[in-house]
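Take any residue in the sequence shown, count from 1 to its spot, add 37: that is its number in my numbering.
For every residue, glycine included, the Cβ atom is placed at its ideal position computed from N, Cα and C.
Since we're looking at a predicted model, the values are computed, not measured.
Note sheet for the following structure.
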Amino acid sequence: MTTTISNSYLKASIKHAGAELFSIQDHQNKEYIWEANPSFWGKHSPVLFPIVGTLKNNTYTIDGKEYHLSRHGFARDMEFQLVDHTEDSATFSLSSNAETLQKFPFNFELQLIYTLKQKELTLSYKVINTEATRIPFSIGAHPAIALPNDFETYSFEFEKEEVLKYNLLENDLISNTTKTLETTSNLVPLSYKLFENDALVFKTLESNSLTILENSKPYVKVNFEDFPSLGIWTKEKAPFICIEPWFGYSDTVENSGDLFEKEGILILDAHQTFQSKFSIQIL
């Protein structure tokens, strides 16, 4: 099943499977979200919950007991319920159940709220702790922006001029090796060489937004002021770029395995609600 929302400028379509955004189109039917061709990457914009990235050995512990979670967690592979729908907004919900409790021993409700306002789609997240104890979790976005022209005609413009230090991945885990992204002012030309070691993982950034330029003209802006970390990723010769706002990231190479001790993890107190949002703005 799918749900579509629209306004005078845009329409956005969301699958109930994973509550995954799969289309943003303007009124000329120009598509801004990657088509999910499986020969490159068979996703459009999955939600990452209750972890972001990869756990060491796909395993973590709670009170000494082992649990297993695959990369980016399970929410992206589960059916969400549509709980509210207006012309320009839609709210999807996933609640803990017997299947999730096998992988993540906590009761929760996860809501994804999509809202269109003019030429901007906002995705708001709510994590509701329905437990009488604290819950450790991460949450993140993974939208793939379609790049219809030659990849190297695109560039990034970070909101602020800053030292763009990122961590390299080692067997899908965060290593202690860092590099600095070369910039001219706050502009970074795109090339596949940037991603030869997989994603660029920025644990912290001063910038709250990133603009994709097409032939030096603003194309799409991703606003992520609520999120402390950012991943940027593509695959060789793939015509998309993923701009990924995150709370949390893959395990570090020296991670203990205890989810409460995981670097970047969020801890939500009993019966409390966590909220954050990011947006995709068509320019």
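Buried or exposed (CB count within 10 angstroms, at least 16 for buried), residue i
| i | result |
| --- | --- |
| V259 | buried |
| H64 | exposed |
| A135 | exposed |
| I304 | exposed |
| K299 | buried |
| T39 | exposed |
| R164 | The sequence shown places Val at residue 164, rather than the Arg named in the question. Burial call: buried. |
| N66 | exposed |
| E57 | buried |
| S253 | exposed |
| V89 | buried |
| P255 | exposed |
| G55 | buried |
| T215 | exposed |
Option in the options with minimal Cα separation from residue i
| i | options | result |
| --- | --- | --- |
| E124 | Q155, G110, L320, L147 | Q155 |
| N186 | E298, V290, P276, A49 | P276 |
| G110 | H81, F141, Q118 | F141 |
| E146 | S212, Q118, L160 | Q118 |
| K230 | T159, Q312, L218 | L218 |
| I99 | E198, L138, K80, S132 | L138 |
| L227 | Q312, K197, S287, Y191 | Y191 |
| S222 | W283, Y203, K197 | K197 |
| F174 | K272, L320, Y203, F311 | F311 |
| N245 | K216, I280, N252, E251 | I280 |
| H122 | W78, T91, A49, L85 | A49 |
| F59 | L158, N94, L92 | L158 |
| L242 | P255, E199, N204 | E199 |
| Q148 | P255, H53, T289 | H53 |
| S130 | Y104, Y69, I51 | I51 |
| L85 | G101, E68, M115 | M115 |
Residues near residue i in its chain [Cβ-Cβ closer than 8 Å; skip 5 each side]
| i | result |
| --- | --- |
| A307 | N166, E168, A169, T170, R171 |
| I302 | P173, F174, S175, G285, L296 |
| S126 | I42, I150, Y151, T152, L153 |
Own chain residues within Cβ distance below 6 Å of residue i, not counting five before or after
| i | result |
| --- | --- |
| Y46 | Q155, K156 |
| I150 | T128, S161 |
| F143 | E168, I172 |
| S313 | Y162, D263 |
| L206 | D235 |
| N44 | D125, L153 |
| S132 | E146 |
Contact check, residue i vs residue j, beta carbons under 9 Å
| i | j | result |
| --- | --- | --- |
| S106 | P83 | Residue identity check: residue 106 is Leu in the sequence provided, not Ser. Cβ atoms of L106 and P83: not closer than 9 Å. |
| P238 | F195 | Here the sequence assigns Val to residue 238, which means Pro is not the residue at that position. In this structure, F195 does not lie closer than 9 Å to V238 by Cβ. |
| T271 | V257 | no |
| I182 | I317 | yes |
| K80 | R108 | no |
| K274 | F188 | yes |
| I61 | I319 | yes |
| K240 | N292 | no |
| P282 | F315 | yes |
| A220 | L250 | Checking the sequence shown, residue 220 turns out to be Thr, not Ala. The answer is no: Cβ separation not under 9 Å. |
Sequence-distant residues of the same chain with beta carbon closer than 7 Å to residue i, five excluded per side
| i | result |
| --- | --- |
| L184 | Y191, P276, F277, I278 |
| G294 | K93, T96, Y97, T98 |
| T91 | R108, D209, L210, S287, D288 |
| F77 | K272, A275 |
| Q309 | N166 |
| E103 | T96 |
Cutoff 9 Å: residue i Cβ touching any chain B Cβ
| i | result |
| --- | --- |
| T215 | Although the question refers to chain B, the structure presented lacks it and comprises just one protein chain. |
ask   = Is there contact here, the region 72-80 with the region 244-264, by at least three beta-carbon pairs under 8 Å?
value = Cβ pair count under 8 Å is below three, so no.
Contact between the region 171-182 and the region 207-216 (3+ Cβ pairs under 8 Å) = The region 207-216 and the region 171-182 do not touch, with fewer than three beta-carbon pairs separated by less than 8 Å.
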